[in-house]
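Count the sequence shown with the numbering used here and you get residues 14 to 214, in order. Notes follow the structure.
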Amino acid sequence: MKQSDKFKKYLFFIIFIPILLFILSINSHARADNSLDDTYNVNFPAGTMFKGILPHNLSTAYNNVNDKVELIIPVDIQIGDVICIPKDSKLIGSIIRLGRAQQGKNGFFEIVFNSLKLPDNQELNILAHVWTKDGTGVFGGEFTDRVGYKKVPHSILGIGSVVQLIPDGPRKMGKDTEILTGSEWILVLDKELKINIIKDY
C-alpha cells in the first residue's frame with residue numbers, strides 16, 4: 014500500500030507539474046501579447062504644426078545665444094479620442110542666432126526646438142522651427158528707413174518735368190525685437206515625431 018502511495022506521488026510530480034508549468038507559461042505569454050496590444054505608435058510627419066504659448070518675454074536687448082526658450086502647448090493634441098500630447102506639455106529649444114539692434118537694422122533672433130517634455134516628465138527628441146511669414150524662422154532683422162530724401166527730376170510726356178523724392182542718406186538706428194509673454198507661436202516639425210501611446214481603458 015505504501016509503495017502504491019509513493020507511486021501515485023511520483024506520477025503526480027512527473028505528469029501534473031510539467032502540465033501546470035506549461036499552462037503558466039502559456040498564460041504568461043498571453044499577458045505579454047496583451048501588453049503589446051495596450052500600446053501603439055503615433056507618427057507626426059515632418060511639416061506638422063503645433064501651437065505653443067510663450068511663458069516669458071524674449072528680447073534682443075538682453076537675451077543671448079544658447080538661452081533656453083519654452084513654449085506651452087495650450088490644449089490636448091488628440092487623434093480621435095486618444096490624447097497623444099497632453100495639454101501643458103512643453104516644447105523646449107534655444108536661441109541659435111541673435112543680433113543686437115544696430116544702425117540700419119533691427120535686432121533679430123532665431124530659435125530651434127529639440128525637445129518635447131510631457132507633464133509626466135517624459136522627454137522626446139524633436140527638431141522644429143518657428144513659422145514666420147517670410148518662411149525664414151527669424152524674428153526681426155528688418156532694415157530701417159533712411160533718415161532723409163533726395164530730389165530726382167523726371168520728365169513725363171504730356172506733363173513736363175516733375176521731381177520725385179527718393180529715400181536717401183544713412184539708415185535710422187534699429188530697434189530691439191521683443192516678444193511678449195502670452196504670444197502664440199506656430200512650430201513646424203523638421204523631422205518625423207514618433208510617440209508610443211499607452212491605451213487608457
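All residues carry an ideal CB built from backbone N, CA and C; glycine is no exception.
Nearest-angstrom Cα separation, counted from residue 141 out to residue 156: One-based indexing of the sequence shown puts residue 156 at position 143. One-based indexing of the sequence shown puts residue 141 at position 128. Rounded to the nearest angstrom, the two C-alpha atoms are 27 Å apart.
Below 6 Å CB to CB, which residues in the same chain sit around residue 63 once its five sequence neighbours on both sides are set aside? Within the sequence shown, numbered from 1, the residue matching residue 63 stands at position 50. Once the five neighbours on either side are set aside, the close Cβ partners of residue 63 are 200.
Going by Cα to Cα distance, which pick from 101, 124, 138, 128 is closest to residue 110? Within the sequence shown, the letter at position 97 stands for residue 110. Residue 110 has its Cα closest to that of 124, out of 101, 124, 138, 128.
Going by DSSP, which residues form a beta bridge with residue 118? Numbered from 1 along the sequence shown, position 105 holds the residue referred to as residue 118. Its beta-bridge partners are 115, 156.
Tell me, which residues are paired with residue 138 by DSSP? Translated into positions along the sequence shown, residue 138 becomes position 125. Bridge partners of residue 138: 128.
For my contact list, residue 55 and residue 208 are in at a C-beta cut-off of 8 Å; report their separation, rounded to the angstrom. For this step, residue 55 is matched to residue 42 along the sequence shown. For this step, residue 208 is matched to residue 195 along the sequence shown. Indeed, because the Cβ distance is near 5 Å, the residues count as touching under 8 Å.
With 16 other CB atoms within 10 Å as the buried threshold, where does residue 175 fall? Sequence index remark: in the sequence shown, residue 175 carries index 162 (1-based). Burial call: exposed.
If you count every other CB in all the chains shown that lies within 10 Å of the CB of residue 148, and 16 or more means buried, which is it? As a first step, residue 148 is located in the sequence shown; it is residue number 135 there, counting from the start. Exposed, by the Cβ-count rule.
Contact check, residue 190 vs residue 153 under 8 Å by CB: the rounded distance? Along the sequence shown, read from residue 1 onward, the residue named residue 190 stands at position 177. Along the sequence shown, read from residue 1 onward, the residue named residue 153 stands at position 140. With 8 Å as the limit, residue 190 and residue 153 qualify as a contact, their Cβ atoms being about 3 Å apart.
Residue 86 versus 79, 80, 77, 96, residue with shortest Cα-Cα distance: Translated into positions along the sequence shown, residue 86 becomes position 73. For residue 86, the nearest C-alpha among the options comes from 96.
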